[in-house]
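Participant: In our numbering, the protein residues as written are 139 to 420.
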Ligand SMILES: [Zn+2]
């Protein structure tokens, strides 16, 4: 379902354990591909948080349908720890089709980033789920004239540039969105600036009720429980938070009510929820 949060278009479908696909149409970027959606199909780049089935199962259909429609081979991005097995998966799917898929899985090392559009970068951050799991931030890099040069005419700037001046501009990184992927709360560090200051923060919130908290369901699956949020949000400066990856043990009508009842007062008006449709539960 498409929603606009703080000016960012997010087309997300997510149900914990079943399928999660989060498309950002304006960036032609999709994070995870648990199922192929119309919005995901149109994205030229897919980044994976990890490789559990509910985050990668749409890949075969996505590659096949894009090729059927003559769309360009997409870019596939993952933590470098899983780039090789993901590539083997792509190659096996191509072999089964009788024609190899051309996509090459690009691995990103911790601390690195990768350009996915003009001035737009994906930057991973560590989370606590599978050993190789990462969250992704989307960061826009803007080049701005330094304030002390504000009065300069365009011609003067160009001349100084051609003379090799290096003090004209500042590069400013603006984190637009951060997506945790699957993670448990314990040990999760949201303090890197490209996460904490992201305009919108998307956090997996698999479990919502007392029963699953008491049974340690979140701990066992290395997932988040709604009750983990208040402590976690303490240092977060995002304008809005989007909760997703809710377990299918909850009926869609239970989800919103459970969340409204438990999130911190200060966040009540800034929290959005990806509520699964009835037909998505298995
Ligand atoms: Zn997972």
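Even glycine gets a Cβ: it sits at the ideal position worked out from N, Cα and C.
#1: In whole angstroms, give me the CA-to-CA distance for residue 220 and residue 173.
#2: For a test of your reading of the model: does the CB of residue 193 fall under 7 Å from any non-hydrogen atom of ligand 1? Yes or no.
#3: Going by C-alpha to C-alpha distance, which of 356, 273, 224 and 419 sits closest to residue 333?
#4: Quick test of the definition: if touching needs 3 or more C-beta pairs under 8 Å, does the stretch 242 to 255 touch the stretch 200 to 217?
#5: If you compare alpha carbons, which of 358, 405, 373 and 387 is closest to residue 381?
#6: Helix, strand or coil, according to DSSP, for residue 185 in the structure here?
#7: Within the continuous alpha helix (DSSP H) that includes residue 305, where are the two ends?
#8: Output the distance between the C-alpha atoms of residue 336 and residue 268, rounded to the nearest integer angstrom.
#9: Report the residue from 225, 170, 364 and 346 whose alpha carbon sits nearest the alpha carbon of residue 86.
#10: DSSP puts residue 275 in a beta bridge; with which residues?
#11: Looking at ligand 1, does it come within less than 7 Å of residue 170, judged from the CB to the closest heavy atom?
#12: Can residue 410 be considered in contact with ligand 1, in the sense that its beta carbon sits closer than 7 Å to one or more heavy atoms?
#13: Using the beta-carbon count (16 or more within 10 Å), is residue 310 buried or exposed?
#14: Have a look at 153, 142, 342 and 145 and flag the residue whose alpha-carbon is nearest the alpha-carbon of residue 417.
#15: Have a look at the DSSP bridge pairing and note the partners of residue 154.
#16: Among the candidates 237, 294 and 275, whose CA atom is the shortest distance from the CA of residue 283?
Facilitator: Taking the structure as given:
#1: As a working note, residue 220 is residue 82 in the chain shown. As a working note, residue 173 is residue 35 in the chain shown. Rounded to the nearest whole angstrom, the C-alpha separation of residue 220 and residue 173 is 19 Å.
#2: To locate residue 193, count along the chain shown from 1; it is residue 55. Answer for residue 193: yes, Cβ within range of ligand 1.
#3: Counting from 1 along the chain shown, the entry for residue 333 is found at position 195. Ranking 356, 273, 224 and 419 by Cα distance to residue 333 puts 273 first.
#4: Yes, they touch.
#5: Reading the chain shown from its first residue, position 243 is the one you call residue 381. Of 358, 405, 373 and 387, the residue nearest in Cα terms is 405.
#6: In the chain shown, the residue the question calls residue 185 occupies position 47. Residue 185 carries a strand assignment under DSSP once its states are collapsed to helix, strand and coil.
#7: Looking up residue 305 in the chain shown gives position 167. Per DSSP, residue 305 lies in no alpha helix (DSSP H) segment and is marked neither H nor E.
#8: The sequence position of residue 336 within the chain shown is 198, counting from 1. The sequence position of residue 268 within the chain shown is 130, counting from 1. Their Cα atoms are separated by approximately 24 Å.
#9: Nothing about residue 86 can be reported from this structure: the residues present for the chain run from 139 to 420 only.
#10: As a first step, residue 275 must be located in the chain shown, where it is residue number 137. Paired residue(s): 261 and 316.
#11: Mapped onto the chain shown, residue 170 falls at position 32. No, the Cβ of residue 170 stays beyond 7 Å of every heavy atom of ligand 1.
#12: Position 272 of the chain shown, counted from the first residue, corresponds to residue 410. No, the beta carbon of residue 410 sits no closer than 7 Å to any heavy atom of ligand 1.
#13: Start at 1 with the first residue of the chain shown, and residue 310 comes out as number 172. Flag for residue 310 reads exposed.
#14: As a working note, residue 417 is residue 279 in the chain shown. Minimum Cα distance to residue 417 is reached at 153.
#15: Numbered from its first residue, the chain shown carries residue 154 at position 16. 385, per the DSSP bridge assignment.
#16: Within the chain shown, the letter at position 145 stands for residue 283. That would be 294, whose Cα lies nearest to the Cα of residue 283.
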